[in-house]
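Engineer: Here it is, the structure in full.
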Amino acid sequence: MKTRFPKKLQGFLSVACITLMSGCGTFLSDRVGGFSGIEEDVRIVKEPFYWLLTLGLIPMAAIVSMPVDLAVDIVLYPFDVWLKNSLRVKDTPRPVGYSAPLYSINLTGGGDFDYAIWTYYDAPRNNTDFTRVTALQQPDSYTARAVSAPSPGGPGKPVAGVINPARLFSRYPYNSETTYSFHTLGREYQGAEGERYRNTIKIKEAKLAPVDDVTDKSIIIVFMPCNELVLVRSDVPDYKPEALQLPGVQSLYKKLKKQSSLGKCPVPASTDKFVVVQG
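Printed below as a string of structure tokens:
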């Protein structure tokens, strides 16, 4: 007498066979490089967690599906290589210690001032606060002095600070959510216990500007009326006075100067990104 499998069991076995032969690694891999399907199979087989939790079913499925995954990987190899190259960041990270001169120009109409750049600081614009001088010397803080623009052709030029340009820009155009804030620094004073402090006023907050690469030889930060600023990216290390005459700088400066004189400065949005001009 022949034994017949129940229809449900037959259906289950059919689905299992199709699943095994369809290529587990191909379905589970993220396909960001060549032979990612077979690499996913190998990763599953080497993972003790899968052996213990599934009683070896998933690793065995990965082993059985390896020939199919390998065949799929070979067919899709040109596509995988193209996809990997298209997702790659165009600019390779600079060596540790990469830095460039940072020139700070004051076009606000007021006197020169010291300022600090911090990562996200949860406070509204124009918020007053204070900070210890030692905190301004930490790796996550940057301080400099914004000075009036030197006369064109004159001997003087602003003193350059040094900063890693990658701190001011995002090399990932679709993921530039890091926020920096700029704060003016008041005069230094000493607290009751001998600690030194400086008052701060938050003047600007914006997200990193997305760029394809970060190869700048120098950066010029132009502080504008209405507490706005522009980052000018330069391909030379020396200060370029003509950078202030760039159309992107001049048009914004004239617009903000007029708005400031009328008391109609624009209200900043939380999604603002730094204005970047190529100089």
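Just remember that this note's numbering sits 1427 ahead of the position in the sequence shown, which is counted from 1.
Built from N, CA and C at the ideal position, the CB exists for glycine as well.
Under 8 angstroms by Cβ, that's how I've got A1571 and Y1542 pegged, so tell me the actual separation to the nearest angstrom.
Structural biologist: 6 angstroms
Engineer: How far does the alpha helix (DSSP H) with E1374 in it reach, from first residue to last?
Structural biologist: The requested residue 1374 does not occur in the structure, where the chain is confined to residues 1428 to 1706.
Engineer: For N1654 and N1626, I'd like the C-alpha separation in whole angstroms.
Structural biologist: 18 angstroms
Engineer: From which residue to which residue does the alpha helix (DSSP H) around Y1680 run?
Structural biologist: P1674 to S1688
Engineer: CB-CB under 8 angstroms to V1663, same chain, minus the five flanking residues each way: which ones, in chain order?
Structural biologist: Closer than 8 angstroms at Cβ, skipping near neighbours: K1644 and S1645.
Engineer: Quick check on S1526: does DSSP put it in helix, strand or coil?
Structural biologist: Note: S1526 maps to coil in three-state DSSP.
Engineer: Decide if D1468 is buried, meaning its Cβ has at least 16 other Cβ atoms within 10 Å, or exposed.
Structural biologist: buried
Engineer: Check T1642 in the structure and name its three-state DSSP category.
Structural biologist: coil
Engineer: Tell me which residue opens and which closes the beta strand (DSSP E) that K1691 is part of.
Structural biologist: Where K1691 is concerned, there is no enclosing beta strand (DSSP E), given that its DSSP letter is neither H nor E.
Engineer: Relative to the C-alpha of D1374, which candidate in Y1624, Y1569, G1675 and A1489 has its C-alpha closest?
Structural biologist: Outside the displayed range of the chain (1428 to 1706) lies residue 1374, so it cannot be described from this structure.
Engineer: Considering Cα atoms alone, identify which of V1495, A1573 and P1551 is closest to D1539.
Structural biologist: A1573
Engineer: If we ignore side chains and look at the alpha-carbon of each, how far apart do T1561 and F1609 end up?
Structural biologist: 18 angstroms
Engineer: Taking the beta strand (DSSP E) that V1702 falls in, what are its first and last residues?
Structural biologist: Where V1702 is concerned, the enclosing beta strand (DSSP E) stretches over V1702 to Q1705.
Engineer: Along the chain, where does the beta strand (DSSP E) containing E1632 start, and where does it finish?
Structural biologist: R1623 to K1634
Engineer: Counting Cβ pairs, one atom from each stretch, are 3 or more of them under 8 angstroms apart for the stretch 1525–1536 and the stretch 1659–1677?
Structural biologist: yes
Engineer: Leaving out the 5 sequence neighbours to the left and right, which residues in its chain are closer than 6 angstroms to Y1601 when beta-carbon positions are compared?
Structural biologist: With a pLDDT of only 47 at Y1601, under 50, the local geometry of the prediction cannot be trusted, and the value read off the model is given with reservation. Answer for Y1601: no residue qualifies.
Engineer: Determine whether the beta carbon atoms of Y1548 and K1629 lie at a separation below 9 angstroms.
Structural biologist: yes
Engineer: Go ahead and pull the three-state DSSP assignment for D1699.
Structural biologist: Looking at D1699 - three-state DSSP - the assignment turns out to be coil, as it is neither helix nor strand.
Engineer: G1618 to P1674, Cα distance in whole Å?
Structural biologist: 46 angstroms
Engineer: Assign R1559 to buried or exposed, taking buried as 16 or more other Cβ atoms, counted over all protein chains shown, within 10 Å of its Cβ.
Structural biologist: exposed
Engineer: Which residue's Cα is closest to the Cα of K1685: Y1666, V1704 and P1652?
Structural biologist: P1652
Engineer: If you drop the 5 nearest sequence neighbours on each side, which residues of the same chain put their C-beta closer than 8 angstroms to that of L1484?
Structural biologist: none
Engineer: Does DSSP put D1556 in a helix, a strand or coil?
Structural biologist: Three-state DSSP puts D1556 in a strand.
Engineer: Is V1499 helix, strand or coil by DSSP?
Structural biologist: helix
Engineer: Quick check on the burial criterion: 16 or more other C-beta atoms within 10 angstroms. Buried or exposed for G1621?
Structural biologist: The residue in question, G1621, is exposed, as its Cβ has fewer than 16 Cβ neighbours within 10 Å.
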